[in-house]
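Numbering (our numbering), first residue to last: -5 to 92.
Where is the CB? At the ideal position from N, CA and C, for every residue including glycine.
Predicted model, so just to flag it, every value in this text is computed and none were measured.
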């Protein structure tokens, strides 16, 4: 398995084999760009009980055009977020940033 499988999955999903990205020795199918994340904090959290929406690229004082990629591993079907240069990270006082 590897690049050929990723290209096959890309053809099935996108109609083209060009939506493949290589990270190290691993090839992934690019599903798309993440635009926002919606999440619910677990019960017992002071943030529980409502939906939290984070617009990707949001730094408070500016917006970045770079978005993380949502990818699939053709060997396992596992879905991952590749943040790349997006700067997406977590700060406990702010939550998701970037």
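*Please confirm if the region -3 to 5 is in contact with the region 60 to 69, defined as three or more CB-CB distances below 8 Å between the two stretches.*
The region -3 to 5 vs the region 60 to 69: in contact.
*Assign residue 45 to one of two classes, buried (16 or more other C-beta atoms within 10 Å of its C-beta) or exposed (fewer than that).*
Counting other Cβ atoms within 10 Å of its Cβ, residue 45 stays below 16 and is therefore classed as exposed.
*asked:* Please identify the residue among 49, 76, 20 and 25 whose C-alpha is closest to the C-alpha of residue 5.
replied: Nearest of 49, 76, 20 and 25 to residue 5, Cα basis: 25.
*In chain order, what residues of the same chain lie with their CB nearer than 7 Å to the CB of residue 76, ignoring the 5 residues before and after it?*
By the criterion of a C-beta distance shorter than 7 Å, residue 76 is surrounded in its chain by 17, 62, 63 and 65, once the five residues flanking it on both sides are discounted.
*asked:* On the DSSP letters alone, give me the boundaries of the alpha helix (DSSP H) that residue 0 sits inside.
replied: From DSSP, the alpha helix (DSSP H) with residue 0 extends over -3 to 8.
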